[in-house]
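Numbering (the UniProt record's numbering), first residue to last: 1 to 369.
Glycine included, every Cβ here is placed at the ideal spot set by N, Cα and C.
Keep in mind the model is a prediction, meaning the values are calculated, not measured.
Step one of this worksheet: look at the structure below.
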Amino acid sequence: MSGVARSWALPVGGGKRWDLAALGEVMLRFDPGEGRIRSARAFDVWEGGGEYNVARGLSRTFRRPTTVLTALPRNPLGALAESLIAQARVDVGAIVWRDYDGVGREARMGLNFTERGFGVRPPQGVSDRAHSAASALEPQAFDWDEVLGASGAHWLHTGGVFAALSAETAQTALTAVRAARRLGVTVSYDLNYRESLWRSHPDPEALRAVNRAIVAECDLVFADDRGLAACLGLVSEEVGRRAWPTDPGPPSKAAQMAFDAFPQLRGVAYTLRDPKSATVNGWQGVFHERDERYVSIARPDLEILDRVGGGDAFASGLIHGLMAGESAQRAVELAAAHGALAMTTPGDNAETNLAEIEALIRGERGGSR
Numbered sequence: 001m002s003g004v005a006r007s008w009a010l011p012v013g014g015g016k017r018w019d020l021a022a023l024g025e026v027m028l029r030f031d032p033g034e035g036r037i038r039s040a041r042a043f044d045v046w047e048g049g050g051e052y053n054v055a056r057g058l059s060r061t062f063r064r065p066t067t068v069l070t071a072l073p074r075n076p077l078g079a080l081a082e083s084l085i086a087q088a089r090v091d092v093g094a095i096v097w098r099d100y101d102g103v104g105r106e107a108r109m110g111l112n113f114t115e116r117g118f119g120v121r122p123p124q125g126v127s128d129r130a131h132s133a134a135s136a137l138e139p140q141a142f143d144w145d146e147v148l149g150a151s152g153a154h155w156l157h158t159g160g161v162f163a164a165l166s167a168e169t170a171q172t173a174l175t176a177v178r179a180a181r182r183l184g185v186t187v188s189y190d191l192n193y194r195e196s197l198w199r200s201h202p203d204p205e206a207l208r209a210v211n212r213a214i215v216a217e218c219d220l221v222f223a224d225d226r227g228l229a230a231c232l233g234l235v236s237e238e239v240g241r242r243a244w245p246t247d248p249g250p251p252s253k254a255a256q257m258a259f260d261a262f263p264q265l266r267g268v269a270y271t272l273r274d275p276k277s278a279t280v281n282g283w284q285g286v287f288h289e290r291d292e293r294y295v296s297i298a299r300p301d302l303e304i305l306d307r308v309g310g311g312d313a314f315a316s317g318l319i320h321g322l323m324a325g326e327s328a329q330r331a332v333e334l335a336a337a338h339g340a341l342a343m344t345t346p347g348d349n350a351e352t353n354l355a356e357i358e359a360l361i362r363g364e365r366g367g368s369r
C-alpha cells in the first residue's frame, strides 16, 4: 500500500472548536528533582495524566486546538491544576467542577509523587488519587452531542487508566466512545494497563469486558502485545518477546489478531523500549495499519532525564501526523521523535517544537548552529 494515511486526515473547515478532546483524569505531579521522595524538602509541581498529556502535546508542540474532559475539586488545588492546563493552551471550558467538602471524602485532587531514577536506581511513583473528582465522573457529566458534535471535537482520545478508576469512569469512557462513533468522530484509546488500578475494580471481570467494549468503538489503539493480551485476551506467541523490526512489513501477529477481532479498528501503535538503566533506554515506535507495519528510526541508546510521558508524547505525535494527512511512515517518525524529546525534560510533557523534532529525525544531535 502507498502508506498515505488519507483516511485519518481532518476535513478542511467544518467549524469545529477542537481537533481533539481528551477524556481522563488530570493529576498534580510532585517532582523532587534529582532527589528522592523520602528525603525531599521541596517539590516542583506539574500537571499530567495519560489522556490529558496527549491533548497537551498536540496543543503545545503541534499548535492544535484541544480540550480536556475531566473533573476538578473546587479548591485551591483544583484552581492550580486549571491554571497549569490553561498555560498549556488546552481549553478548560469543558472541565466539570465538584464541590470540596474540606476533607476530600468525595471530591479531591489526585496527586502523583514521582522520582525520576538514575542509573541503577529505577524511577518510582507513589499515587494518592482515591476519591478524586475525576474518578466519580458519570456519563451524564458531559453533553456528548455538544463536545463531540458539529461544533465539538474532530477526535476523541481516552485511555485505560481513566476507565479503570471506577465503575463510573468505565461507563463514562464507554458512553463517550459510543457517542463519538455515532457522531462520526475518530476515536483513539490507550490501553495503558495498570494492574493496581484494575485489581481494585469492584468487578473482577471488568478488565477485559470494559476494554473489549471500548475497543469495539475505536479507530486507533495504543497497545503492545502485552497490553493486547492482558486487556483484550488476545494472546499470541509474541508476548514477552522484544523484537526490534528494522523494516516495514506485514502487521505483527498480535496486531493482526486485534484487527480480526475488531473489524472497525484501523490502527495499532506502540513503543518498544529496552531499559538498560534508569537513564539509558532503547526506543522505537511501531504503527500498524491493516495491511502493513511501519517502524521508526531505532534509537538503541537513548539518554533519559524523565521517562514519564514518553508514550503519551508518542501518541500525540502519531495523531498529529495522521490528522495532517502525512504518510504512515512520516507519522510514526514524528511520534517516536516527539516521545524521545519528551523524556529529555522534567514533567510529563515535551517542551519542544516541530523544528526540534525535524532535526532529531534528520539525525542532528545537540549543540547549536
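{"Query": "Taking the C-alpha atoms as reference points, what is the distance between T175 and E205?", "Result": "19 Å"}
{"Query": "Along the chain, where does the alpha helix (DSSP H) that runs through Y52 open and close?", "Result": "50-60"}
{"Query": "If the criterion is Cβ atoms closer than 9 Å, does the pair R60 and A86 meet it?", "Result": "no"}
{"Query": "Near R293, what residues of its chain come up, given a Cβ to Cβ distance below 8 Å and the 5 sequence neighbours on each side ignored?", "Result": "P245, P248, G249, P250, P251, S252, A255, V286, F287"}
{"Query": "Enumerated in chain order, which unbroken segments of the beta strand (DSSP E) with a length of 3 residues or greater are wholly contained in the stretch 288-318?", "Result": "293-295, 299-303"}
{"Query": "Residues bridged to P11 by DSSP?", "Result": "Per DSSP, none; premise fails for P11."}
{"Query": "Can you name, in chain order, every residue of its own chain whose Cβ lies under 8 Å from the Cβ of V147, other than the five neighbours on each side?", "Result": "A21, T67, L69, A94, A153"}
{"Query": "Excluding the 5 residues preceding and the 5 following Y100 in the sequence, name in chain order all residues of the same chain whose CB lies nearer than 8 Å to its CB.", "Result": "P73, R74, N75, G78, A107, R108"}
{"Query": "Please state the DSSP three-state secondary structure of M257.", "Result": "helix"}
{"Query": "Look at the alpha carbon of L265 and the alpha carbon of G35, and state the distance between them as a whole number of angstroms.", "Result": "43 Å"}
{"Query": "What separation, rounded to the nearest whole angstrom, lies between the Cα atoms of K16 and S127?", "Result": "36 Å"}
{"Query": "Nearest CA to the CA of G50: which residue from R41, G33, A40, N112?", "Result": "N112"}
{"Query": "On the DSSP letters alone, give me the boundaries of the beta strand (DSSP E) that V26 sits inside.", "Result": "Where V26 is concerned, there is no enclosing beta strand (DSSP E), given that its DSSP letter is neither H nor E."}
{"Query": "Report the partner residues of G267 according to the DSSP bridge assignment.", "Result": "L220, E289"}
{"Query": "Just grab the DSSP bridge partners of F43 for me.", "Result": "DSSP, once it has assigned bridges, lists no residue as partnering F43."}
{"Query": "Counting C-beta neighbours from all protein chains within 10 Å, is the total for E358 16 or more, i.e. buried, or is it exposed?", "Result": "exposed"}
{"Query": "Starting from T172, follow the alpha helix (DSSP H) in both directions and report where the run begins and ends.", "Result": "167-182"}
{"Query": "Does the beta-carbon of E195 have 16 or more other beta-carbons within 10 angstroms, so that it is buried, or is it exposed?", "Result": "exposed"}
{"Query": "Quick test of your reading: S132 and G110, contact by CB under 8 Å. State the CB separation rounded to the nearest angstrom.", "Result": "4 Å"}
{"Query": "Helix, strand or coil, according to DSSP, for D19 in the structure here?", "Result": "strand"}
{"Query": "Does the separation of the CB atoms of V45 and I319 fall below 9 Å?", "Result": "no"}
{"Query": "If you compare alpha carbons, which of S7, R116, A164 is closest to G309?", "Result": "R116"}
{"Query": "For the beta strand (DSSP E) that A324 lies in, which residues bound it at each end?", "Result": "From DSSP, A324 is part of no beta strand (DSSP E); its letter is neither H nor E."}
{"Query": "Am I right that G339 and G311 are in contact with their C-beta atoms under 8 Å? What's the rounded C-beta distance?", "Result": "7 Å"}
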